[in-house]
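>
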Amino acid sequence: MLRNICSVLDQWSDQTQLSEAFPTPGLIFSDADNVIPDAIWISVERMAQLTDDAGHFTSASELVMSLLAIPFP
């Protein structure tokens with residue numbers, strides 16, 4: 095499911111050149127607050143604002159996805 099979502103977001107992003115989708119990126123909010131969502135989608139406009147000099151994401155993007163897998167009985 096995640097692969098399909100990222101694929102659709104990537105296709106749209108490639109066509110429009112307005113954004114990028116990243117699977118399993120690390121988001122570093124502070125030294126004590128780091129998360130790894132399943133995927134994010136971020137506009138090119140905000141990407142420069144949300145990345146540090148090393149290229150780390152330091153804030154949440156426009157779309158953050160964490161999928162929950164529920165086992166079938």
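Heads up: the sequence shown is residues 95 to 167, going by our numbering.
Where is the CB? At the ideal position from N, CA and C, for every residue including glycine.
All values reported here derive from a predicted model rather than from experimental measurement.
Using the rule of at least 16 other Cβ atoms within 10 Å of the residue's Cβ for burial, across every protein chain shown, is W106 buried or exposed?
Here residue 106 refers to the residue found at position 12 when the sequence shown is read from its first residue. When all chains shown are included, W106 counts as exposed.
> Among residues of its own chain, excluding the 5 on either side of T152, which ones have a beta-carbon nearer than 8 Å to its beta-carbon?
Locating residue 152 in the sequence shown gives position 58, where the first residue counts as 1. Here the set comprises L121, I122, F123, L144, T145 and D146.
> Would you identify the three-state DSSP class for L96, choosing helix, strand or coil?
Your numbering for residue 96 matches position 2 in the sequence shown. Three-state DSSP puts L96 in a helix.
> Per DSSP, what kind of secondary structure is E139 in: helix, strand or coil?
Looking up residue 139 in the sequence shown gives position 45. Correct three-state label for E139: helix.
> Please tell me whether A154 has its Cβ less than 8 Å away from any Cβ of chain B.
Judged by its chain identifiers, the structure shown contains no chain B, having just a single protein chain.
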